[in-house]
Amino acid sequence: MSTQAPQSPASRATRDEQRHDDCDQLLARLAAAEQDPGITRLCELPRMSSQALQYWHKAVIAVDRYLSALALAPRAHEALMAEVLEQVAAQIDWSLPDNAVAVAMHRLQQRLGDEAQRLRHWAGETADRHFRRGGSFPQIHRIGMKPAEYSDREQAPAWRPAGLQTDAS
Amino acid sequence: MKVAAPLSHWKVVATLRRLLLFTATGAQTWFATGYLLKILPDHGSTLVETLITLLFAILFGWISLGFWTAVAGFFVLALRPRNSSITEVLRQRDRAQIEIPKTAIVMPICNEDTGRVFAGLKATWQSLVETGQHHHFELFILSDSSDPDIWVEEEAAWANWIREPGAPKIHYRHRRARIKRKTGNIADFCRRWGADFRYMIVFDADSIMAGETLLEMVRIMESRRQIGILQTAPLTVNKESAYARLQQFGNHVFGPLFTAGLNFWQMGDGYYWGHNAIIRLRPFIQHCGLKRLPGHSAMGGEILSHDFVEAAYIRRAGYEVWLAWDLPGSYEEPPPTLLDELKRDRRWSQGNLQHLRLLGQPGLTWTHRIMFLYGIMAYGSSLLWLLLLILSTINLALHAHQPVSFFPDHFTLYPDWSPAWAMDRALTLMATTATLLFTPKLLGMLVAMFRTSTARGYGGRLNVIVSVVLETLLSALLAPVRMLYHSRYVVLTLLGREAGWKTQQRDEAATPWREALAQHGPGALLGALWALIVYKLDPDYLPWILPIVVALVTAPLLSKLSSHVAVGRLLKRIGLFRIPAETRPDALLRALREHLERPQKPRHPRFGFARAVVDPVVNALHISLLPEARNRPSQTRQAIDLLKFKALKYGPALPPDERLALLNDAEALKWLHREVWQSLHPGTPKVWGMEPGEPAC
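Protein chains in written order, with our numbering: chain L, 1 to 169; chain U, 1001 to 1697.
Structure, rendered in structure tokens:
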């Protein structure tokens, strides 16, 4: 079933123009994908309706945004984007394109892994350990700190750390 | 010849100084009270006059103690005698030979401005790095924040800092259950990581300290093993409202006088003010755990002003508490407005009054008992002053309706003038009281003026004089306003009404007219009514109370105007209330300014909770920092499930408790994150602020 509504020749011309603009924008965002016939072909497919293209555009933007938040190196960013989009492009039923964003994001989130892996992508291996519970703190040496009794009268000897110089020394 | 170590006989010296101070205070009070008895029409023979005399004696003693403390401070600042500062212990030491042990810098925070918190810590760390000794220090941000947005922002700011090259060892811990507030927060740190460090340096959310100051503190502690707590005297800086500038100026000019004076007689029995101080961890853990006070009223429960008590306890255990008043590079910020200060005072007054219950504890030093009283009097004196004014008015009323007879029934050669108020003597007593109140200001001014380098920092000697005169006038106007508020706080606390614990306001929003009138209006009416009554009773008495009446009546205007940053900037432009910290800021303050003014890159369209749901990094970070998932009761699970759908549909504008519930549930956050990004419903990205063309994260 086509999702494209019948339109006048004039509006169709505008639509085609729009489609090409979108494709240019899309390809500009996907510098790496320019070499990728799988993605480039999407814009050239005759069955790619304007509506489908819009959904596709949204999906690309969403993937791009998500990856931007992870602050990856540009090459890694582009490679991941190309990989995910290619899989998504192959997976989507283009006669029902409205789930393009959902499919793309699902695929991307699967590819990135769980929260810890997502953090690792962002932070790098070195900083990553700080963000895991247990890794974010020095090791705990639990000791007691009991409330002082109000009736206590203590004259404890001053604590003398080993090897510490005193003012008398 | 063997030279005695510095401060080796401080207890003897301190005893002599205290004897001197309290003798001077006592003698002055005795003479002044005797003089008052001559002024009163019945010479203290009636009940009302006996009470007036008693209240006067207490209050006069209180200001006399302040006067002599300031005089002692002036003496110390001018002559720098031996035994005047704990920093003397480093005089004969080679600093390079003192090894710096592992030290934790801890900052307990609760719903504070995240940007300011991290700017302060970064400036401090930068300064520490410049010393080359930063590897001995670790930072702990101990968050008790209950505001869901602030919690998330803290995590994000912490994580971003860690990613920066050369980031410190900085640890962030969020407590879900805020047991025992700040004391519990610090105790939690002590229990978990206290054993790993020899010292902890406690910061407040607005504290900043220079790296060299931190090192000096550690060196002093290392040089004198008897010290349990070493407190610095932080200078207030960085605020721009007129009120804050007034406080900052007062703190810079008169603060050193009082801190030097306090240290003069307290010595090793000093104060701990809760921040900008270094603590020897082991004895602190062993001896300074605080118990709840019995009872549930305001005078019971958790000890709000814990710092004084901790100082008293560590001293009881044999360790010294010193005020390093002459260590520079220690700063904090004043409350921006009069009302903000008064709100904070509500908590402090309750905390100090709780100390009434600790006065009789065995083992405490007498100096610390006196210091408890000192803290109590900081607020209690207001109530006593108010009572004095009420009793004086009653006495006036009694005599206004009583015919004065100068010729008694028995035979005398001369008339008996005693039944009348001795106005000439009253003037003398008033002048004496004014001298006690204003001499510290004069002494502070002299110190500021005649230290050439310091005077330049204030904008020159003329500026110092004009600013001190204005500060004195404004302080005189503010005193009756504080008196009314503090009296109310003391009465409420004694009646058992709790203050609650609200985060201190630190941003500089001007007080709205409505709030100024609502807060100070009743006081203004009371002042006007009092003036009317006194005028009806005896018009000659009116000039005596006029300064207080004028202060109360003008309080709404003063409170409103002084809260404005624009007024503060105007004062700065004309050279008033300038402080060296702003005219010639040190590297630390410059770094703080840079961090505060650094533009946020890029500006996030979302904040807090919304970021934890939408932003892939913040979401992952928050989930990673949550404790291990527990099996929740099915009812709770169902409630959370309902909340998830509600959040997905309506976006982040949920009530705080609902956002907090979702933030505490890792599964819910994972689900929301996934659904927000994958939602087929066109409205979902919009309510979560993910419209096209907007940077998502």
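Even glycine gets a Cβ: it sits at the ideal position worked out from N, Cα and C.
Bridge partners for residue i per DSSP, in chain order?
| i | result |
| --- | --- |
| TRP1174/U | Correcting the residue type first, residue 1174/U is His in the shown sequence and not Trp. Partner(s): SER1143/U. |
| LEU1214/U | According to DSSP, which records beta bridges pairwise, LEU1214/U is partnered with nothing at all. |
| PRO147/L | GLY1289/U |
| TRP1322/U | LEU1230/U |
| GLU1138/U | ALA1104/U |
| VAL1076/U | DSSP output for VAL1076/U lists no bridge partner at all. |
| MET1445/U | None; MET1445/U has no bridge partner. |
| TYR1243/U | According to DSSP, which records beta bridges pairwise, TYR1243/U is partnered with nothing at all. |
| THR1050/U | The partner list for THR1050/U (beta bridge, DSSP) is empty, contrary to what the question assumes. |
| VAL1253/U | None, per the DSSP bridge assignment. |
| GLU1332/U | THR1236/U |
| TYR1199/U | THR1103/U, ARG1280/U |
| ILE1109/U | SER1143/U |
Using a Cβ-Cβ cut-off of 9 Å, state whether residue i counts as contacting chain A.
| i | result |
| --- | --- |
| ASP1196/U | The structure shown contains no chain A; the protein chains it does contain are L and U. |
Kindly list, in the order they appear in chain L, the residues whose Cβ is closer than 9 Å to that of residue i.
| i | result |
| --- | --- |
| GLN1615/U | The sequence given here has Asp at residue 1615/U, not Gln. Ordered by position in chain L, the residues that pass the 9 Å Cβ test against ASP1615/U are ALA69. |
| ARG1191/U | ILE140, ARG142, ILE143, GLY144, MET145 |
Taking the beta carbon of residue i as the centre, do at least 16 other beta carbons fall within 10 Å, making it buried, or is it exposed?
| i | result |
| --- | --- |
| TRP1677/U | buried |
| ARG142/L | exposed |
| PHE1645/U | exposed |
| TYR1650/U | exposed |
| HIS1009/U | exposed |
| GLY134/L | In this predicted model, GLY134/L has a pLDDT of only 46, less than 50, meaning its place in the structure is not dependable; the value taken from the coordinates is given anyway. So GLY134/L counts as exposed. |
| GLN1126/U | buried |
| GLU1582/U | buried |
| HIS1681/U | exposed |
| TRP1513/U | exposed |
| TYR1199/U | buried |
| GLY1360/U | exposed |
| PRO1480/U | buried |
| GLU34/L | Residue placement at GLU34/L cannot be trusted, given a pLDDT of 47 that sits under 50; what the coordinates show is reported in the next sentence. Counting Cβ neighbours within 10 Å, GLU34/L comes out exposed, since fewer than 16 surround it. |
| PRO6/L | With a pLDDT of only 35 at PRO6/L, under 50, the local geometry of the prediction cannot be trusted, and the value read off the model is given with reservation. PRO6/L is exposed by the Cβ-count criterion. |
| MET1423/U | exposed |
| ARG1578/U | buried |
| LEU1427/U | exposed |
| VAL84/L | buried |
| ALA31/L | For ALA31/L, the predicted model reports a pLDDT of 48, less than 50, meaning its position is unreliable; a value from the coordinates is still stated below. Exposed: under 16 other Cβ atoms inside 10 Å. |
| ILE1266/U | This sequence places Gln at residue 1266/U; Ile is not what is there. With 16 or more other Cβ atoms within 10 Å, it is buried. |
| ASN1631/U | exposed |
| ALA79/L | exposed |
| SER1634/U | exposed |
| LYS1759/U | The question about residue 1759/U has no answer, for chain U in this structure spans 1001 to 1697. |
| LYS1011/U | exposed |
Check the Cβ of residue i against every Cβ in chain U and list those closer than 8 Å, keeping chain order.
| i | result |
| --- | --- |
| ALA73/L | Ordered by position in chain U, no residue passes the 8 Å Cβ test against ALA73/L, which lies about 14 Å from the chain. |
In chain L, which residues lie less than 7 Å from residue i when you measure between Cβ atoms?
| i | result |
| --- | --- |
| ILE1285/U | ILE143, MET145 |
| TYR1313/U | ALA148 |
| ARG1178/U | What ARG1178/U touches in chain L: nothing, since even the nearest Cβ is about 17 Å away. |
| ARG1674/U | GLN109 |
| LEU1288/U | Looking at the sequence itself, residue 1288/U is Cys, so the reference to Leu does not match. Within 7 Å Cβ-Cβ: ALA148. |
| ALA1661/U | Result: empty, since nearest Cβ-Cβ is about 19 Å, beyond 7 Å. |
| ALA1187/U | MET145 |
For residue i, go through chain U and note every residue whose CB falls closer than 7 Å to its CB, in chain order.
| i | result |
| --- | --- |
| MET183/L | Residue coverage of chain L in this structure runs from 1 to 169, which leaves residue 183/L outside it and unanswerable. |
| ALA62/L | TRP1677 |
Using the beta-carbon of each residue, which ones in chain U are nearer than 9 Å to residue i?
| i | result |
| --- | --- |
| TRP182/L | With chain L covering only 1 through 169, there is no way to say anything about residue 182/L. |
key: Cβ-based contacts, 8 Å cut-off: residues of the region 87-101 of chain L near chain U   = ASP98, ASN99, VAL101
task = Compile a chain-ordered list of the residues in the region 106-118 of chain L whose CB is closer than 7 Å to at least one CB of chain U.
result = HIS106, GLN109, GLU115, ALA116, ARG118
ask   = If you scan the region 1270-1315 of chain U from start to end, which runs of the beta strand (DSSP E) of 3 or more residues do you find wholly inside it?
value = 1277-1280
Contained alpha helix (DSSP H) runs [length at least 4] in the region 1581-1630 of chain U, N- to C-terminal order = 1587-1597, 1609-1614, 1616-1625
ask   = If you scan the region 61-117 of chain L from start to end, which runs of the alpha helix (DSSP H) of 4 or more residues do you find wholly inside it?
value = 74-91, 100-112
query = What are the complete beta strand (DSSP E) segments, minimum 3 residues, inside the region 1455-1540 of chain U?
reply = none
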